[in-house]
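Colleague: Pasting in a structure now, in structure tokens, and then I'll have a few things to ask.
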């Protein structure tokens, strides 16, 4: 049997998926429908290895047959090679080109294009128990909808993506596509934990104005964009920026179209830098030769036009040059995909970090009242979920510094919320929010303002869920005065579910952390009322009318809002709270074929799933 060596966060993903699969089997056995769920993880986080481990486990345990859908023929070959290397006992078939290998295999890998209407008509909808959609942000396309509808009898459908919100604003993390988010990891989390390399970002202002390039459906008109940016002066700026900030690094360069890629590669070569361009319909033999030259470091700058955005894995790549401008909507997808090409670990090459360079053009706004202002759509900003102002031209780590500054700023602003506890009306609104949260969680979460939920733990420790944006909520805990990032979710409900899982595994005292405890319904104690009055200034008569649990919530809120930021150490690098033992969730390590590595966090031995 082959061995899959998984990182702890990948092990926990397998455990989470196993729980969903077990629940889905029970539902199907009772005559219900199957389930759909989503795994969100940054480019470079090894989603292929994760789903291969899961396919292997379900095949060995339950004899499930799996269909894996990928967007390109290149990914079909890459996934099959990975399976041959890491899960050799799994028999693999392909549906691609003229091949349709279904009989007698455990897993079938297919492009979405190969599962066209005529092909689907020849395949039994009940053929597969498990359907995995790689690069699942494509799932809203009509072609994908037809495929998922055809295989809807499957027990479980899993989407895997780094960018669940598409450029057109459609989120595949929704009931229409994948109704639950089971795993949600971010670039910052995995970099802080040491599973992706740190990246330093640079902007290079070009001075070019894209005022004559129209935007249609959230994207630039590609032909006119290429005409505007594929000019000698701008291409030379790109190479100069590379020579300044990423010299000697194996670098992937993203351009607008084929001509732009060819011309950019030519400018690199003119300056004595080995470079080659690749594109989708080039001669297959020439493409293979160039990719081999890149792997052998005979080509230093690999230039392409969107060919290498998805699924391409060259872990030794430590430079990314984005010469392709993007609107904010397109950047939400392109940014993370492009940036991720440089973030994978690669010990063999001595790679320690990555450099990301973006050419910044200007766009004149014509909206009423804003004429003359400039807009700088940023792929770096979109990819990392941080504002333009947090990375200046030149150096700046893209995640740790911005994250620490954001946390500190948020905590200091809590003092402004303290006044909200000093009026009966505000407290009544707080109890309304608590009632809403109690419908989705059994734990005693306390709202702090509009964007944060808090729970105190023993010895001054605490855990919190903070909505950083409309589509990103972060879960973090403080243990022994050290800040630790636990996970995240696309909404406060999903993030609280992640936090609840951490609380269950962490072994917290249910007497104080759960809302269903009998003491919470009793009359408030006199000592409680006195302390709450001292902290909030609320009338003692009003406080005496509250239940004991409500007064306890007010005391907890006041103490949280008065927390001194200086008392917390913001840890920059640590092993994450990932890595549940699969054997304790009903999935044997031998089934997944994984090796245990590294020191596990203390709570990981307290699982009782």
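Numbering (this note's numbering), first residue to last: -9 to 599.
Beta carbons are placed, not taken as given, at the ideal position from N, Cα and C, and that holds for glycine.
Of all the alpha helix (DSSP H) runs that stay within the bounds of the stretch 403 to 453, which reach a length of 4 or more residues?
Modeller: 404 to 407, 414 to 428
Colleague: When DSSP labels each residue in this structure, what does residue 202 get in the three-state scheme?
Modeller: coil
Colleague: Report the option in 160, 171, 97 whose CA atom is closest to the CA atom of residue 207.
Modeller: 160
Colleague: Residue 120 and residue 333 look like a contact to me (Cβ under 8 Å); what is the Cβ gap, rounded to whole Å?
Modeller: Wrong, their Cβ atoms sit about 28 Å apart, outside the cutoff.
Colleague: Between -5, 542, 131, which has its C-alpha nearest residue 523's C-alpha?
Modeller: 542
Colleague: Measuring alpha carbon to alpha carbon, tell me which residue in 234, 285, 339, 472 is nearest residue 311.
Modeller: 234
Colleague: On the premise that residue 172 lies in contact with residue 57, defined as a C-beta separation below 8 Å, what is that separation, rounded to the nearest angstrom?
Modeller: With a beta-carbon spacing of about 19 Å, residue 57 and residue 172 fall beyond the 8 Å limit used to define contacts.
Colleague: Smallest Cα separation from residue 14: which of 52, -2, -1?
Modeller: 52
Colleague: Residue 80 and residue 101 - do their beta-carbons sit closer together than 9 Å?
Modeller: no
Colleague: Mind listing, in chain order, the continuous alpha helix (DSSP H) runs of no fewer than 4 residues lying wholly within the stretch 216 to 271?
Modeller: 222 to 235, 248 to 260
Colleague: For residue 194, which option in 471, 433, 242, 346 has the closest C-alpha, if you only look at C-alpha atoms?
Modeller: The option with the nearest alpha carbon to residue 194 is 346.
Colleague: Could you tell me the boundaries of the beta strand (DSSP E) in which residue 83 lies?
Modeller: 82 to 86
Colleague: Once you ignore the five residues that flank residue 501 on each side, which residues in its own chain have a CB closer than 8 Å to its CB?
Modeller: In its chain, beyond the 5 residues on either side, 507, 509 have a beta carbon closer than 8 Å to the beta carbon of residue 501.
Colleague: How would you label residue 540, buried or exposed, when you count the other beta carbons within 10 angstroms and need 16 or more for buried?
Modeller: By the Cβ neighbour-count rule, residue 540 is buried, with 16 or more other Cβ atoms within 10 Å of its own.
Colleague: Less than 9 Å separating the beta-carbons of residue 224 and residue 196?
Modeller: yes
Colleague: Have a look at 512, 534, 511 and flag the residue whose alpha-carbon is nearest the alpha-carbon of residue 520.
Modeller: 534
Colleague: Quick check: the Cα distance between residue 162 and residue 465, rounded to an integer number of angstroms?
Modeller: 22 Å
Colleague: Report yes or no: do three or more beta-carbon pairs, one from the stretch 68 to 82 and one from the stretch 284 to 299, lie closer than 8 Å?
Modeller: no
Colleague: Could you please give me the residues that DSSP links to residue 25 through a beta bridge?
Modeller: Residue pairing by DSSP places residue 25 opposite 146 in a beta bridge.
Colleague: Applying the 10 Å Cβ sphere with the 16-neighbour rule, what's the burial state of residue 327?
Modeller: By the 16-neighbour rule on beta-carbons within 10 angstroms, residue 327 is buried.
Colleague: In or out: residue 175 buried (at least 16 other Cβ within 10 Å) or exposed?
Modeller: Per the 10 Å Cβ criterion, buried.
Colleague: Exposed or buried, residue 40, counting other C-beta atoms within 10 Å across all chains shown (16 or more means buried)?
Modeller: Of the residues assessed, residue 40 falls on the buried side of the cut-off, its CB having 16 or more other CB atoms within 10 angstroms.
Colleague: Quick one: residues in its chain with C-beta nearer than 8 Å to the C-beta of residue 460, no 5 flanking neighbours on either side, listed in chain order?
Modeller: none
Colleague: Could you compute how far the alpha carbon of residue 341 sits from the alpha carbon of residue 298?
Modeller: Cα-Cα distance, rounded: 20 Å.
Colleague: How do the stretch 22 to 33 and the stretch 147 to 155 stand: do at least 3 beta-carbon pairs fall below 8 Å, yes or no?
Modeller: yes
Colleague: So, helix, strand or coil for residue 33, using DSSP?
Modeller: Coil.
Colleague: Quick one: Cα of residue 243 to Cα of residue 304, how far?
Modeller: 13 Å
Colleague: When we look at the beta-carbon of residue 307 and count the other beta-carbons within 10 Å, is it buried (16 or more) or exposed?
Modeller: buried
Colleague: Exposed or buried, which one is residue 236 when buried takes at least 16 other CB atoms within 10 Å?
Modeller: buried
Colleague: Give me the DSSP bridge partner(s) of residue 309.
Modeller: 241, 345
Colleague: Would you kindly work out how many angstroms separate the C-alpha atoms of residue 427 and residue 550, rounded to a whole number?
Modeller: 18 Å
Colleague: Whole angstroms is fine: what's the gap from residue 257's alpha carbon to residue 232's?
Modeller: 12 Å
Colleague: Determine the extent of the beta strand (DSSP E) in which residue 285 is found, giving its start and end residues.
Modeller: Here residue 285 belongs to no beta strand (DSSP E); instead the alpha helix (DSSP H) covers 274 to 285.
Colleague: Taking the CB atoms as reference points, tell me whether residue 103 and residue 133 lie closer together than 9 Å.
Modeller: yes
Colleague: Quick check on the burial criterion: 16 or more other C-beta atoms within 10 angstroms. Buried or exposed for residue 448?
Modeller: exposed
Colleague: Note down the Cα distance separating residue 93 from residue 117, rounded to an integer number of angstroms.
Modeller: Distance between the alpha carbons of residue 93 and residue 117 is about 10 Å.
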